[in-house]
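Asks:
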């Protein structure tokens, strides 16, 4: 395939204002991923868009295994899907009220917030 570029699971974007730390989540348009390494503002950074990652969770959100989850780009936390949040994948572990992180399998793209 002479037009093949890459597998698309990891790709490069520009680090946001303030830079980004390794393991931080980033939403760029409809692309959601996890930074593979730390990068200064304006420098390139590679985002992993698939895989399972431990991510910060809204403390009050109650998630079951297999539940669809969304990213709240204001609070920078995983929570339940609703208007203004970006669906990113599914919880691969249960995480109840008071739990502040959850393992999430990323879908590879965040659809526009409803």
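Residue numbers (the UniProt record's numbering): 1 to 114. We put the beta carbon where it would ideally sit given N, CA and C, even for glycine. Computed from a predicted model, the values in this text were never measured in an experiment.
Distance check for residue 88 and residue 47, CA to CA, integer angstroms please.
Replies: 14 Å
Asks: From this set, 17, 73, 84, which residue's C-alpha is nearest residue 39's C-alpha?
Replies: 17
Asks: Would you report the Cα separation of residue 76 and residue 3, rounded to the nearest angstrom?
Replies: Their backbone Cα atoms lie some 36 Å apart in a straight line.
Asks: So, is residue 15 buried or exposed, given that buried needs 16 or more other C-beta atoms within 10 angstroms?
Replies: By the Cβ-count criterion, residue 15 is buried, with 16 or more other Cβ atoms from all chains shown falling within 10 Å of its own Cβ.
Asks: So, are the CB atoms of residue 65 and residue 36 less than 8 Å apart?
Replies: Pairing residue 65 with residue 36 gives a Cβ-Cβ distance that is not under 8 Å.
Asks: List in chain order: all unbroken beta strand (DSSP E) runs of 3+ residues lying wholly within the stretch 17-80.
Replies: 25-28, 31-35, 44-48, 51-56, 68-72, 77-79
Asks: To the nearest angstrom, how far is it from the Cα of residue 83 to the Cα of residue 71?
Replies: Going by C-alpha positions, residue 83 is about 11 Å away from residue 71.
Asks: Provide the residue span of the beta strand (DSSP E) that contains residue 100, from first to last.
Replies: No beta strand (DSSP E) contains residue 100, which DSSP labels as neither H nor E.
Asks: Quick check on residue 68: buried or exposed, where buried means 16 or more other Cβ atoms within 10 Å of its Cβ?
Replies: exposed
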